[in-house]
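Novice:
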Amino acid sequence: IHSFYYDNTPIPIEENHVQTSQITSRDIDRQNFPHYFLKEISESPNSVEKTLENKIKFLTESNFFTTSFDETIFPKTLEDDFKNNRIKKVYCIGQGTAGIAAQGCADLLNFYLGDKGIDIRALKSSELSGFNIIEKENAENAMTNTLVVAISQSGTTTDTNRTIDMVKGCGAKTIAIVNRRDSDLTFKTDGVLYTSSGRDIEMSVASTKAFYSQIAAGAILGLHIASIAQTRSSEFITEQINEILGLPDKMRIILGMKEQIKESAFSLAISKDYWATVGSGSNKTSADEIRIKLSELCYKTISSDFIEDKKHIDLSSEPLIIICAAGTRESVLGDIIKDTAIFHAHKATPVVITTIGEDRFDIYAKDVFKIPDTKEHFAPILNTLVGHLWGYYAALAINEASRFMYEGRNQVQDLLDEYTATGHDVYEVLLEKRFRETIAQFYNKFSKKRRQGKFPAVMGLDIVANITLLLKYLSGRLPVSDFEIDFETKGTPSNMLNTFFDNIGQAINTMARPVDAIKHQAKTVTVGTSRIIEKFEGIIFDELLANDIQLSQITNKNVLVIKNLQEVISNVKGAFLYRISGLSMLGDVTPETKIKIVNKTGALRNEHSRVEIDTRLKGTKNIIVREGNVYIGKGRKDNKNILVIPGISSNHATPNIIEYILSLNISFKISSEVPLLKKIKALGGKYNRLKDWILETDNIKWDDKYLNLVEVETLFGDTAEKVVEKIIAKIK
C-alpha cells in the first residue's frame, strides 16, 4: 500500500495504520428473511442472552445467583461511592429509542434502589445537557454525587456524547450501555456495559434487538448496584435474575405468534387512519417505544399516552389504540379493562397486549395478543416485541397497495413500449382494443380494492379520484372533451398518458414503505453536527439536469467518475436519453427487458437510434445496465466519442434499479488544456492498466508524463491496448 499527500510527498504506512473491518459478511447476510428488520427482531432473544453472558454467576455454596462485573464495567471507585452513600442522583440518558430504553432502565433502578433515597430519573441527553447541569462556581465538582448512565446503540450519537463530556467536566461518574465496541462513547465513560456481544450489527434503520438488550443490561446494572448498596437481599436478586434468564424463551413464544399479529396488522393498518399507543406504569415505556417504531416504519405521526389519560384526550378521532397491559398488577388492570371498554364505546379500535389467561379484554378489543406472564418491570420487553412485530406487518400492509399500483403501471408501460416498437402512433394506441381492455382490467381491480378499503388514507382522495377518472378516460368510458374540465389540460393522448403516469407515480411513492430504510433518517444520527455538502456543477451535470435526472439518481461512485471525466471534456454536442423497463426487482436483465428512447437533443435530434427499431437491450448498453458503471469511449458503429451514464430509479418501490441511460456525444479538450493530475484522476482504473502494461515492455520505466504523448481523445476514446501501442510508438 502506498499513500501520498496531494503534492506527491510519500506518507509512511506503518503496521498500526492497518485496520480490520468490524463488520463481516455474516453480519450483513439477510439469510432467508424478506427484510433485515424481521431478521434482527428474530435474533433479539439471542441478543438478550448474549447481553447476560459473563454478567451473572451461580454461587454453588449458597444456591444464589449474583451479578459479576469487572472494573471495565463498574469501576472500584464507583463501587466505593455507592457503599459510602456518596451517590445521590442517577440519570439514565439517551436519544430516540435509546432514550426510551433509558426510561425503562430508570424504572428498574427505582424498583431496585427505591429505599436508598437516591434520586433516579430518565432524561433525554439534550435535556440533561441543556437544563439540568448545575452552573455555578467550582462547576468541576458540582456533580460528584451523580452517576450518569448513557445508553446508545451506535455510541456515536452527538447529543449523548456531548452530554457525557459536560457531566464529566462537572465531576459526574459515568457508565455507558452501548452496542459497538471502540465507538466514541466507550472512550468517554468510566465503565462500559456492552449489549449482546458488543458488535451486534443492525442493518435496519429501525432498531429493535438493541432496545431489548438495553433494558436487560439496565436490569443487571440495577441488580449489581442493589447488591453493592445492600438494598435487596440475595434471595430477591436470585429471583430477579431467574426472571431475566427466562425472558429470551418468552420472547421466542411471542415470535411464534407472527401470523396472528400479521393478520391483525393487515386488517387494521389500512382501515384506520389515526393511531395511538398507551401504557401505564412500566408499560408507558412500551407505548413510547412502539410509537417510535410505528412512526418509523409506517410514516405516521402517532400519540403515546398513559392509559388513564386517553379518555380525556382525543377519542373524537376514533383511533386505533394499541394498549400495553401485559404484566400490569391486578389493582391497576381492572381499571385498564374499564378504560378499554370506554374506548370501545367511543368507537375507537382497541388492540390489547395482555397475559395468557386474561380474558376480560376479549369483548371490548378488536384483537387481543396473549403473551407469557412476567414481572411488571420486565413487561416493556415483551409488550414492545409484540408492538414491533405489529408495526412491521402494518408497514407491509401499506406497501402492498404501493406494489399493486407499481405492477399496474408497469403493465401499462410495457404495453405502450410494445406498441411503440411496432410503429404505432400514440393516437392509434389509445384506440387499440387490447390497450383499452388492459386499462379496463386494471380499473376493475383498482375499483375492487378501493371498495374493499385496501388503500390507506395517506394515498389521498385527490389521487384516488384522479386515477379513477384517468382509467375511465383511457379505456374510452368517458368523453375526451371533458378531460380538460377535470385536469385543466387538453385531452390529447400524450396529456392523458402523462397525467396518468404522474398520478400513479405519486400514489406509488406515497404508499411505499421500504421497512429497512426510513425516509429522512440515517442509521447513525449524529444530531447537532454540520456537514459540508459539495455542489457538483459543470457541463455534464447540466446535461443530467436538462434531462430531468437528479444527482440522487446517480450512484456515489459514478458522481465522482463524472466529476473527474468532466475535466477532459470540452463540450456536449447532443444526447440520447433511454428508458429501461422490464428489469427484475433486483435490477437484473430479464427476457422482458426493453430499451426505449425518450429524448433527443442537440446534434443528435435528427439522428436515428437502433432501439427505435429493435427494443432489445444488448451490446454496450446491456453491459452498462448489468454493471452500473459510467462508460466513456467510441460508438461501435458510428465511431463518435460518447459518454454513457446510467441513472437509477427515483421510485421508492424500486430503489437502486437502473431506469435511464443518458448517452452524450462529446468532444475532448486538447492535451495541453488538461493538467496531468486531472488526466490521471479522470482515467481511474484505466491509468493502472496503462502503467502495468507499459512496465511489462522491456527497458521502459513508467513516467506519468507519458500520458501527455497522446491526445486526450486517444487516451479516453481508445481501448487501453491501443493507447499503450501509441505511447510505446512515441517513446521509441
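Going by our numbering, the sequence shown opens with residue 457, and the numbers climb by one from there. Ideal Cβ positions, reconstructed from N, Cα and C, are used throughout, including at glycine. In this text the structure is predicted, and so the values were computed from the model without any measurement.
1) Assign L534 to one of three DSSP states: helix, strand, or coil.
2) So N839 is in the alpha helix (DSSP H); what residue range does that whole segment cover?
3) Comparing C-alpha positions only, which one of I1187, S639, A578, S1128 sits nearest to E1167?
4) Under 8 Å by Cβ, that's how I've got F493 and Y848 pegged, so tell me the actual separation to the nearest angstrom.
5) Could you pull the DSSP bridge partners for N1055 from this structure?
6) In three-state DSSP terms, what is F825?
7) Express the C-alpha separation of S524 and S500 in angstroms, rounding to a whole number.
8) Exposed or buried, H833, counting other C-beta atoms within 10 Å across all chains shown (16 or more means buried)?
9) Could you give the C-beta distance for P704 and E505, rounded to a whole number, given that I count them as a contact under 8 Å?
10) Taking 8 Å as the cut-off, does the region 537-554 touch the region 641-653 (at least 3 CB pairs, one atom from each stretch)?
11) Enumerate in chain order the residues of its own chain whose CB-to-CB distance from S669 is below 6 Å, with the five nearest sequence positions on each side excluded.
12) Rounded to the nearest angstrom, what separates A743 and W846 at their Cα positions?
13) Classify C548 as helix, strand or coil using the three-state DSSP reduction.
14) Going by C-alpha to C-alpha distance, which of A973, L927, G790 sits closest to N954?
15) Just checking, does the region 878-892 make contact with the region 992-1004 on the three C-beta pairs under 8 Å criterion?
16) Using the three-state DSSP reduction, which class does D638 fall into: helix, strand or coil?
17) Near I717, which residues of its chain fall below 8 Å by C-beta distance, leaving aside the five closest residues on each side in sequence?
18) If the criterion is Cβ atoms closer than 8 Å, does the pair R1072 and G1030 meet it?
19) So, is R637 buried or exposed, given that buried needs 16 or more other C-beta atoms within 10 angstroms?
20) Which of the three DSSP states is assigned to T966 in this structure?
21) Between the beta-carbon of I497 and the beta-carbon of K665, is there less than 8 Å?
22) Tell me where the beta strand (DSSP E) around P1102 begins and ends.
23) Residues in its own chain within less than 8 Å of A804 by CB, not counting five upstream and five downstream?
24) Please check the pair I746 and T840, which I expect to be a contact at CB under 8 Å, by giving their CB distance rounded to whole angstroms.
25) For I576, which residues in the same chain have their Cβ closer than 6 Å to its Cβ, ignoring the five residues on either side in sequence?
26) Check whether the region 902-921 and the region 1075-1084 are in contact - that is, three or more C-beta pairs closer than 8 Å.
27) Just to confirm before moving on: does the CB-CB distance between I964 and L930 stay below 8 Å?
28) Cα separation between T528 and L641?
29) So if DSSP puts P1089 in a beta bridge, which residue, or which two residues, is it bridged to?
30) Comparing alpha-carbon positions, which option in T1011, P949, K946, L872 lies nearest S1037?
31) Give me the Cα-Cα distance between A978 and G1173, rounded to the nearest whole angstrom.
32) Are the Cβ atoms of I779 and V808 separated by less than 8 Å?
33) Count the other CB atoms, across all protein chains shown, that sit within 10 Å of the CB of N959; report buried if there are 16 or more and exposed otherwise.
34) Are the CB atoms of Y1162 and I1183 within a distance shorter than 8 Å?
35) What's the call for Q559, buried or exposed, on a 16-neighbour Cβ count within 10 Å?
36) Any idea what DSSP makes of D563, helix, strand or coil?
Specialist: Reading from the atomic positions:
1) Annotated three-state conformation of L534 is helix, per DSSP.
2) N839 -> alpha helix (DSSP H) spans 835-877.
3) Cα-wise, what sits closest to E1167 is S1128.
4) Confirmed, about 6 Å.
5) Paired residues: L1033.
6) Of the three classes helix, strand and coil, the one that applies to F825 here is strand, per DSSP.
7) Taking the straight line joining both Cα atoms gives about 22 Å.
8) Buried is the call here.
9) About 5 Å separates the beta carbons of P704 and E505, which is inside the 8 Å limit, making them a contact pair.
10) The region 641-653 makes no contact with the region 537-554: fewer than 3 CB pairs, one atom from each, lie closer than 8 Å.
11) Cβ within range, chain order: S503, V504, T507, T651, S652.
12) Whole-angstrom Cα-Cα distance: 13 Å.
13) Strand, per DSSP.
14) Closest option to N954, Cα to Cα, is L927.
15) The region 878-892, when compared against the region 992-1004, does not touch it at the 8 Å Cβ threshold.
16) Coil, per DSSP.
17) If we look at I717 and ignore the five residues flanking it on each side, its Cβ neighbours are F825, V842, L845, W846, Y849.
18) Cβ atoms of R1072 and G1030: not closer than 8 Å.
19) Exposed, because fewer than 16 other Cβ atoms sit within 10 Å of the Cβ of R637.
20) Here T966 carries a helix assignment [DSSP, helix/strand/coil].
21) In this structure, K665 lies closer than 8 Å to I497 by Cβ.
22) For P1102, the enclosing beta strand (DSSP E) has its first and last residue at 1097-1104.
23) Within the same chain, and ignoring the five residues on either side of A804 in sequence, the residues whose Cβ sits closer than 8 Å to its Cβ are L771, E774, P775, L776, I777.
24) I746 to T840, Cβ: 6 Å. Contact.
25) Here the set comprises V546, A562, L565, N566.
26) Contact between the region 902-921 and the region 1075-1084 is absent: fewer than 3 CB-CB pairs across the two stretches fall below 8 Å.
27) No, these two residues do not count as a Cβ contact at 8 Å.
28) Using only the alpha carbons, I get a separation of about 14 Å.
29) Pro is not the amino acid found at residue 1089; the sequence shown has Gly there. Paired residue(s): I1098.
30) Nearest neighbour of S1037 by Cα position, chosen from T1011, P949, K946, L872, turns out to be L872.
31) Because the pLDDT at A978 is just 46, under 50, the model does not fix this residue reliably, and the point stays unresolved.
32) A contact, by the Cβ cut-off of 8 Å.
33) N959 is buried by the Cβ-count criterion.
34) For I1183 and Y1162, yes; Cβs fall inside 8 Å.
35) By the neighbour-count rule (16 or more Cβ atoms within 10 Å), Q559 is buried.
36) Note: D563 maps to helix in three-state DSSP.
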